[in-house]
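Take the sequence shown: its position 107, counted from the start at 1, is 107 in full-length UniProt numbering, and no numbers get skipped. To start, the structure itself, in structure tokens.
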Amino acid sequence: MSHDHAPWDAAAHRPASDMFEPAAWEDRYSGDESVWSGHPNAQIVAEASRLPPGTALDVGCGEGGDVVWLARQGWTVTGADFSANGLARAARHAVSAGVAARTDWWQVDAHSFGSGGREYDLVTTHFLHPPDGGMVDVTRRLAAAVAPGGHLLVVGHAPSAVITQLSESHRRAMFHAEELLPALPAGFEVIAAEERPRTMTRDGVTMDVHDATLVARRRPTEN
Numbered sequence: 001m002s003h004d005h006a007p008w009d010a011a012a013h014r015p016a017s018d019m020f021e022p023a024a025w026e027d028r029y030s031g032d033e034s035v036w037s038g039h040p041n042a043q044i045v046a047e048a049s050r051l052p053p054g055t056a057l058d059v060g061c062g063e064g065g066d067v068v069w070l071a072r073q074g075w076t077v078t079g080a081d082f083s084a085n086g087l088a089r090a091a092r093h094a095v096s097a098g099v100a101a102r103t104d105w106w107q108v109d110a111h112s113f114g115s116g117g118r119e120y121d122l123v124t125t126h127f128l129h130p131p132d133g134g135m136v137d138v139t140r141r142l143a144a145a146v147a148p149g150g151h152l153l154v155v156g157h158a159p160s161a162v163i164t165q166l167s168e169s170h171r172r173a174m175f176h177a178e179e180l181l182p183a184l185p186a187g188f189e190v191i192a193a194e195e196r197p198r199t200m201t202r203d204g205v206t207m208d209v210h211d212a213t214l215v216a217r218r219r220p221t222e223n
């Protein structure tokens, strides 16, 4: 997803589990108006700008803001999401941006996806929030798709007292970056596991939030 607003805006009055269910997002993406800004997320810009372009997988790509930005930087990108409506929007975004040739699309549920042996130089996801600590398992699946020498970037909302309208179930779906470390298999080195401050505007109100950010690198295979 690519946000000016937090993803809980889409489901603030629904159970947190709805934020990770296809039906809720198919409905969200069924209208005519864009849901997100189309701009890339801050942490993908910060991290991918330091890397040479290669192949990338963006899981939970939504309307494709991060996919399009990566493609513009020279990456070949697969955008993955469980929403067919979201992927259709993302594909149109890539066409309008002139980067369709550098993108492809994969409808898959992050709860259960496997890369099928495919590996990427960068695997990333932003603001996936499965309930009940499910992000650890998602991170494990993402790590399996990282090529030797490649990078993993996982970003989510750290628990915050600033967002007062959230239910307790929504808060439990948030996570600290260090909670994801057990998901990393052998052969990965942690570059960063931290909460990075960011200013967000919601309903005309500007607030300081923190992005839980895990950056890890899979060590190259030794010959």
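Positions of the beta carbon are idealized from the N, C-alpha and C atoms, including for glycine.
Contact between the stretch 84-102 and the stretch 133-145 is absent, with fewer than three C-beta pairs closer than 8 Å. Residue environment: Asp132 is assigned as exposed (fewer than 16 neighbouring CB atoms within 10 Å of its CB, all protein chains considered).
Setting aside the 5 residues that flank it on each side, Ala193 is surrounded in the same chain by Ala177, Glu178, Leu181, Leu214, each with a C-beta closer than 7 Å to its C-beta; the list follows chain order. If you look at Trp69, you'll find it in the alpha helix (DSSP H) that goes 65-72. Rounded to the nearest whole angstrom, the C-alpha separation of Pro185 and Arg219 is 11 Å. Setting aside the 5 residues that flank it on each side, Pro53 is surrounded in the same chain by Gln73, Gly74, Trp75, each with a C-beta closer than 7 Å to its C-beta; the list follows chain order.
Under the Cβ criterion (8 Å, minimum of three pairs), the stretch 57-69 counts as touching the stretch 123-137. Assigned with DSSP and collapsed to three states, Val108 falls in coil, not helix or strand. Taking C-beta atoms as the reference points, Val155 and Ala212 count as a pair closer than 8 Å.
The C-beta distance from Ala71 to Ala94 rounds to 7 Å, short enough to fall under 8 Å.
CA-to-CA, the gap between Thr78 and Ala46 works out to about 20 Å. Look at Leu51 here: in three-state DSSP terms it is coil, with no helix or strand label. Glu63 has its alpha-carbon roughly 23 Å from the corresponding atom of Gly204. Using a Cβ distance threshold of 8 Å, His129 and Met174 count as a contacting pair.
Beta-carbon to beta-carbon, Trp105 and Ala90 are separated by about 7 Å, close enough to satisfy the 8 Å threshold.
Between Phe127 and Val108, the CB-CB gap reaches or exceeds 8 Å. Within the DSSP bridge table, the entry for Leu57 names Thr78, Val123 as partners.
Ile44 is positioned such that its CB atom lies no closer than 8 Å to that of Leu152.
Bridge partners of Leu153 according to DSSP: Thr124, Val215. For Pro159, the CB contacts under 8 Å within the same chain, skipping 5 residues up- and downstream, are Arg171, Met174, Phe175, His176 in chain order. By the 16-neighbour rule on beta-carbons within 10 angstroms, Thr221 is exposed. Residue environment analysis places Ser49 among the exposed positions, since fewer than 16 neighbouring C-beta atoms fall within 10 angstroms of its C-beta. Taking C-beta separations shorter than 6 Å and ignoring five residues to either side along the sequence, His111 has no partners in its chain.
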